[in-house]
Amino acid sequence: MLEIQDIRKDKGERIIEGLKKRHFDAEPIVQEILDLDSKWRESKGNLEEIAAEMNQISKQIGLLFREGKQEEANEAKAMTGQLKSSEAELKVKVDELEATIQDLMYLLPNVPNELVKAGKSELDNETTEEFGNAPSFDFDAIPHWEIAAKHNLIDFELGVKITGAGFPVYRGKGAQLQRAMINFFLAEAAKAGYEEVIPPLFVNEDSAIATGQLPDKEGQMYHDERDDLYMIPTAEVPITNMYRNVIIPNEDFSVKLTGYTPCFRREAGSYGSDVRGLNRLHQFDKVEIVRIEHPNNTDAALEEMMNHVKGLLEKLGLQYRILRLCGGDTGFTAAMTYDFEVYSAAQDKWLEVSSVSRFDTFQANRLKLRFKNADKKTKLCHTLNGSALALPRIVAAMLENHQTKDGVTIPECLHPYTGFKSI
RNA sequence: GGAGAAUUGCCAGAGUGGUCGAAUGGACUGGUCUUGAAAACCAGCGUACCGCAAGGUACCGGGGGUUCGAAUCCCUCAUUCUCCGCCA
12 MLEIQDIRKD KGERIIEGLK KRHFDAEPIV QEILDLDSKW RESKGNLEEI
62 AAEMNQISKQ IGLLFREGKQ EEANEAKAMT GQLKSSEAEL KVKVDELEAT
112 IQDLMYLLPN VPNELVKAGK SELDNETTEE FGNAPSFDFD AIPHWEIAAK
162 HNLIDFELGV KITGAGFPVY RGKGAQLQRA MINFFLAEAA KAGYEEVIPP
212 LFVNEDSAIA TGQLPDKEGQ MYHDERDDLY MIPTAEVPIT NMYRNVIIPN
262 EDFSVKLTGY TPCFRREAGS YGSDVRGLNR LHQFDKVEIV RIEHPNNTDA
312 ALEEMMNHVK GLLEKLGLQY RILRLCGGDT GFTAAMTYDF EVYSAAQDKW
362 LEVSSVSRFD TFQANRLKLR FKNADKKTKL CHTLNGSALA LPRIVAAMLE
412 NHQTKDGVTI PECLHPYTGF KSI
């Protein structure tokens with residue numbers, strides 16, 4: 012969530028201007044917020060005046076009683092009726108205004124970083140870097156779902172029977188490969204100084220709001236209504252929420268956390284070739300890296316995270332490119348996002364395998380995640396996170412790009428974890 | 001799932017209707033003293049909102065209520081602990 016102080020400062024000009032890069036017209040919302048905010052301040056001021064008066068009178072009544080001046084006390088009591096009712100009235104008004112302002116604030120997405128270009132959709136994303144060469148095959152490369160079927164690695168139909176579409180069953184070397192990659196990713200993250208956590212896979216409403224899944228992406232999460240819990244769409248949610256309502260001591264920077272979790276996404280409305288095989292699932296595995304930073308260090312942290320992901324892809328021997336998402340394609344909560352895509356020769360498409368984002372104070376504001384700056388003022392921290400990496404698509408890319416005529420070669424970095432060198 | 005007890009500031013812990021944003025101790029920060037440290041002493045030591053400021057308001061697990069006035073009484077929810085039941 013953006014900071015209301017930020018809107019007051021320049022009448023929201025910076026925000027309105029910045030959000031144009033998302034093709035988001037913030038002006039009417041900002042206007043309404045400003046309008047309601049001044050009303051709110053006025054009412055709030057009045058309310059506090061009355062409250063102060065009430066407090067005064069109450070104090071006096073207390074004194075009178077102690078001095079045994081019953082009558083005077085009762086007289087004073089009688090005077091409070093009018094004040095009390097106008098206080099109640101104002102309170103309702105103030106609460107309403109607050110709620111409305113809050114709702115409006117929820118509508119405003121994060122302001123894109125200065126590096127982010129204006130744009131409407133993925134077509135406007137910029138490719139910032141490209142690494143590696145496309146694999147060449149002297150046979151007909153087949154897509155991963157065929158490879159998976161051929162070697163009995165993943166059974167999609169079985170998943171349909173047990174649960175439904177988008178819940179595959181990994182088996183044999185397919186399951187082992189999956190587990191090996193998780194361990195590899197976690198080990199690499201540990202090497203890079205990230206503390207591993209195993210968080211809950213369900214979160215409460217407060218957590219889902221704090222990282223921005225609610226109220227915005229309600230329909231994307233599985234929701235257990237009975238206990239009012241949400242299944243996590245990414246480890247970002249529980250891990251970042253470890254720091255909800257926390258003022259972190261300066262010496263704790265940088266906070267670097269990693270965690271492997273399954274992720275659950277309803278993916279309502281997806282269909283077609285996008286959902287073929289491992290391309291889009293309702294349940295998938297991911298190793299996430301999360302950072303909480305002093306604002307001064309955010310640029311450096313982002314770069315470090317990018318390099319971490321690059322390192323993983325290079326070790327896996329995959330060709331990839333990095334996109335800086337344009338304003339319109341950048342997620343609601345993010346100030347800037349880099350997507351890592353691996354080229355799949357067999358499918359002739361680029362598969363998104365990682366997404367590294369900085370949120371600046373947007374999440375921290377909802378999280379109430381703060382630190383104390385040099386002059387002891389509490390300030391909002393910055394949060395960042397990235398996938399390192401998301402399993403299904405990286406598995407798909409590996410199977411496809413490392414396929415041989417009658418199997419798949421496992422990259423060397425995984426050998427200690429798989430126990431086998433080929434499929 | 002049933003019964004009981006509890007939830008107060010960074011921590012421990014007092015406080016059962018008015019002068020309580022909250023005693024006291026510890027931790028921490030600054031100062032005095034010291035060659036330095038320890039000890040002792042003095043001072044400071046929560047968050048947020050409104051306000052140029054003075055100041056005001058709100059917060060004692062969350063929400064609601066009673067009252068002129070609530071940390072204190074009532075309702076409700078959550079969490080923790082103990083006992084019983086069930087169970088990987």
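Heads up: take any position in the first sequence, counting from 1, add 11, and you land on the working numbering.
Where a beta carbon is used, it is the ideal one built from N, C-alpha and C, also for glycine.
- For the set 147, 155 and 272, the Cα lying nearest the Cα of residue 197 is the one of 272.
- With respect to residue 382, residue 261 sits close: the two C-beta atoms are nearer than 8 Å.
- In chain order, 105, 108, 109 and 112 place their CB closer than 7 Å to the CB of residue 51, counting only its own chain and leaving out the 5 sequence neighbours on each side.
- Note: residue 371 is bridge-paired with 394 in the DSSP secondary-structure output.
- Within the same chain, 40, 43, 44 and 47 come within 8 Å of residue 115 by CB-CB distance, once the 5 residues on both sides are set aside.
- Distance from the Cα of residue 87 is smallest, within the candidate group 158, 429, 68 and 98, for 68.
- Judged by their CB atoms, residue 33 and residue 418 are not nearer to each other than the 8 Å cut-off.
- Taking C-beta atoms under 8 Å as the contact rule, residue 367 and residue 324 fail to qualify, at a distance of about 12 Å.
- The continuous stretches of alpha helix (DSSP H) do not include residue 148, and DSSP gives it neither H nor E.
- In its chain, beyond the 5 residues on either side, 61 have a beta carbon closer than 6 Å to the beta carbon of residue 98.
- Contact between residue 299 and residue 331 is absent: CB atoms are separated by about 19 Å, not below the 8 Å threshold.
- Taking 4 residues as the minimum length, the alpha helix (DSSP H) runs contained wholly in the segment 150-184 are 155-161 and 167-173, in order along the chain.
- By a beta-carbon distance limit of 8 Å, residue 258 contacts residue 389. Their separation comes to about 6 Å.
- By a beta-carbon distance limit of 8 Å, residue 407 contacts residue 155. Their separation comes to about 4 Å.
- Bounds of the beta strand (DSSP E) holding residue 348 are 347-355.
- Taken through DSSP and simplified to helix, strand or coil, residue 273 comes out as strand.
- For the options 414, 424, 171 and 76, the alpha carbon positioned closest to that of residue 162 is the one of 414.
- Rounded to the nearest whole angstrom, the CA to CA distance from residue 360 to residue 333 is 14 Å.
- Residue 142 counts as exposed, since fewer than 16 other C-beta atoms from the protein chains shown sit within 10 angstroms of its C-beta.
- In this structure, residue 401 lies away from residue 326, with their beta-carbon atoms at least 8 Å apart.
- In this structure, residue 253 lies away from residue 242, with their beta-carbon atoms at least 8 Å apart.
- Counting C-beta atoms within 10 angstroms of its own C-beta, residue 172 has fewer than 16 neighbours from the protein chains shown and is therefore classed as exposed.
- Between the segment 127-144 and the segment 24-33 there are three or more inter-stretch CB-CB distances shorter than 8 Å, so the stretches are counted as touching.
- Unbroken alpha helix (DSSP H) stretches of 4 residues or longer found wholly inside the segment 18-99: 24-30 and 38-77, given in chain order.
- With respect to the C-alpha of residue 24, the residue from 118, 66 and 122 having the closest C-alpha is 122.
- Of 58, 230, 265 and 217, the smallest CA-CA separation from residue 379 is found for 217.
- In the structure shown, residue 382 falls within a strand segment according to DSSP collapsed to helix, strand and coil.
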